[in-house]
Amino acid sequence: MRETELTASHLIQPLFVTAGAGVREDIPSMPGVQRLSIAELVEEAAGVRAAGIGSVLLFGIPAEKDELGSGAYDEEGIVQMAIRALKESDPGLTVIADTCMCEYTSHGHCGRLRDDGTVDNDSSLELLARTALSQAEAGADAVAPSDMMDGRIAAIRGRLDEEGLTETPGISYSAKYASAFYGPFRDAADSTPAAGDRRGYQMDPANVLEAIRESKLDLDEGADMLMVKPALPYLDVVHRVKEATGAPLAAYHVSGEYSMLKAAAGAGWIDERAAALEALTSIRRAGADAIITYYAKDAANWLDE
Ligand code: PBG
């Protein structure tokens, strides 16, 4: 009689890859999550696969950042090298690349800055298209633009198609809110904006019609899958975007959602396993086909027991 299923096949594990060798660096605000150098990443991915998870979402932390985020579209960039290593060691693993500038720019914004410090949407599109192309060329099975610039899905799709990468799908972060729940991630990726915030390009938490509008626009521009982010505080958005579009939909159970559970569990205030599985089941119930969550591997192991 159960209406909603939660299995390992619904879960996507985010992983952070960093420059260097032999690195397994804890992220204090995200207990249980580490920044890994490439060999350690490959090892971790094998554990994720052994738990029954088929897909990972990859974030890169480059050795150096600059104004134009050039590490994002460098053929020998950290994510490009990591994608090659992962696909070489396990061709059956689905590797999704996060397509964004903020981990690579010295100012921490998701696009190119004008002299006055505001983000220049349109000239950022070329950099994002180059980033997606270099990720797909390195072997990424899908690209997931998380920058929220207007028009980026069309720009990325156009560039991939031009270069013959017509089979590489695009997972659009179509409804990404300007959320306080990304705090721990920004520690992990060292991507807190040096000045200002992301409200110029991410969405107002008070809006839901806009989420539907943005999602439809992304479908028109060629997105293959949509996403709502964060997840738990936005379950109504997950539900309404699914109802309005019928498109394949992911929800991102973000760093702050994860860290709150970890903190409460660490203090002995909550049953971590029950609470985490309840949260993930609820995200599925709201209408998400896939869930990106730092709990993916643990949840898959728990579901198996
Ligand atoms: C990059 C990006 C962010 C997250 C995923 N991709 C951070 C941000 O927009 O500041 C957050 C993920 C999380 O909190 O787990 N644009």
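Numbering (my numbering), first residue to last: 27 to 331. No residue lacks a Cβ here, since even glycine has one placed at the ideal position from N, Cα and C.
Fill in: Run of the alpha helix (DSSP H) containing residue 268, from where it starts to where it stops
Counting from 1 along the sequence shown, the entry for residue 268 is found at position 242. 261-271 is the extent of the alpha helix (DSSP H) around residue 268.
Worksheet entry | the stretch 147-155 touching the stretch 242-252, judged by at least three CB pairs closer than 8 Å | no
Worksheet item: Does DSSP classify residue 135 as helix, strand or coil?
Response: Locating residue 135 in the sequence shown gives position 109, where the first residue counts as 1. Residue 135 falls in the coil class under three-state DSSP.
Discussion item. Considering only their Cβ atoms, is the gap separating residue 199 from residue 345 smaller than 8 Å?
Written reply: Absent from the model: residue 345. The displayed extent of the chain is 27 to 331, so no value can be given.
Worksheet entry | Every unbroken alpha helix (DSSP H) inside the stretch 200-262 [4 residues or more] | Counting only runs of 4 or more, we get 209-215, 235-247.
Worksheet entry | Close Cβ partners of residue 309 (< 6 Å) along its chain, the five nearest in sequence each way excluded | By 1-based counting over the sequence shown, the position of residue 309 is 283. 257, 277, 317.
Worksheet item: From this set, 202, 205, 267, which residue's C-alpha is nearest residue 312's C-alpha?
Response: If you number the sequence shown from 1, residue 312 lands on position 286. Cα-wise, what sits closest to residue 312 is 267.
Practice prompt. Tell me whether residue 280 counts as near ligand 1, meaning its Cβ is closer than 7 Å to at least one heavy atom of that ligand.
Written response: Sequence index remark: in the sequence shown, residue 280 carries index 254 (1-based). Yes, the Cβ of residue 280 comes within 7 Å of a heavy atom of ligand 1.
Worksheet item: Who does residue 81 pair with in a DSSP beta bridge?
Response: By 1-based counting over the sequence shown, the position of residue 81 is 55. Beta-bridge pairing links residue 81 to 38, 120.
Fill in: Under the three-state DSSP convention, the category residue 61 falls into
Reading the sequence shown from its first residue, position 35 is the one you call residue 61. Reduced to three states, the DSSP call for residue 61 is strand.
Worksheet entry | Proximity to residue 220 [Cα-Cα], best of 93, 253, 79 | Here residue 220 refers to the residue found at position 194 of the sequence shown. Comparing Cα-Cα distances from residue 220 to each of 93, 253, 79, the minimum goes to 93.
Practice prompt. Would you mind sorting residue 287 into buried or exposed? The rule is 16 or more other CB atoms within 10 Å of its CB.
Written response: On the sequence shown, position 261 is the one that residue 287 refers to. Classification of residue 287: buried, given that the 10 Å Cβ count is 16 or more.
Worksheet entry | Nearest neighbour of residue 126, chosen from 138, 115, 116, 119 [CA to CA] | Residue numbering aside, residue 126 sits at position 100 when the sequence shown is read from its first letter. Of all alpha-carbon atoms in 138, 115, 116, 119, the one lying nearest the alpha-carbon of residue 126 is that of 138.
Discussion item. So, with DSSP's three-state summary, where would you put residue 278?
Written reply: Counting from 1 along the sequence shown, the entry for residue 278 is found at position 252. Strand, per DSSP.
Worksheet item: Name the DSSP bridge partner or partners of residue 50?
Response: On the sequence shown, residue 50 is found 24 positions in, with the first residue counted as 1. DSSP lists 62 as partners of residue 50.
Fill in: Distance, residue 215 Cα to residue 209 Cα
Position 183 of the sequence shown holds residue 209. Position 189 of the sequence shown holds residue 215. Cα to Cα, the separation comes out at about 10 Å.
Worksheet item: How far does the alpha helix (DSSP H) with residue 305 in it reach, from first residue to last?
Response: The residue given as residue 305 occupies position 279 in the sequence shown. Residue 305 -> alpha helix (DSSP H) spans 298-312.
Fill in: Any non-hydrogen atom of ligand 1 closer than 7 Å to residue 207 Cβ
Working through the sequence shown from its first residue, we reach residue 207 at position 181. Correct: residue 207 has its Cβ closer than 7 Å to ligand 1.
Discussion item. Quick test of your reading: residue 109 and residue 161, contact by CB under 8 Å. State the CB separation rounded to the nearest angstrom.
Written reply: Here residue 109 corresponds to residue number 83 of the sequence shown, with the count starting at 1. Here residue 161 corresponds to residue number 135 of the sequence shown, with the count starting at 1. That belief holds up - the Cβ atoms of residue 109 and residue 161 are roughly 6 Å apart, short of 8 Å.
Worksheet item: What did DSSP end up calling residue 198 once you bin it into helix, strand or coil?
Response: Working through the sequence shown from its first residue, we reach residue 198 at position 172. Of the three classes helix, strand and coil, the one that applies to residue 198 here is strand, per DSSP.
Practice prompt. Starting from the Cα of residue 112, find the closest Cα among 201, 190, 166, 78 and give me that residue.
Written response: Residue mapping note: residue 112 aligns to position 86 of the sequence shown, counting from 1. Looking at the Cα atoms, 166 is the closest of the given residues.
Worksheet item: Between residue 297 and residue 281, what straight-line distance do the alpha-carbon atoms span, to the nearest angstrom?
Response: Looking up residue 297 in the sequence shown gives position 271. Looking up residue 281 in the sequence shown gives position 255. Near 19 Å, if we compare the C-alpha coordinates of residue 281 and residue 297.
Worksheet item: residue 52: buried (16+ other C-beta within 10 angstroms of its C-beta) or exposed?
Response: Within the sequence shown, residue 52 is the residue found at index 26, counting from 1. Exposed.
Worksheet item: Can you pull the DSSP bridge partners for residue 171?
Response: Here residue 171 is taken as the residue at index 145 of the sequence shown, counted from 1. Note: residue 171 sits in a beta bridge opposite 125.
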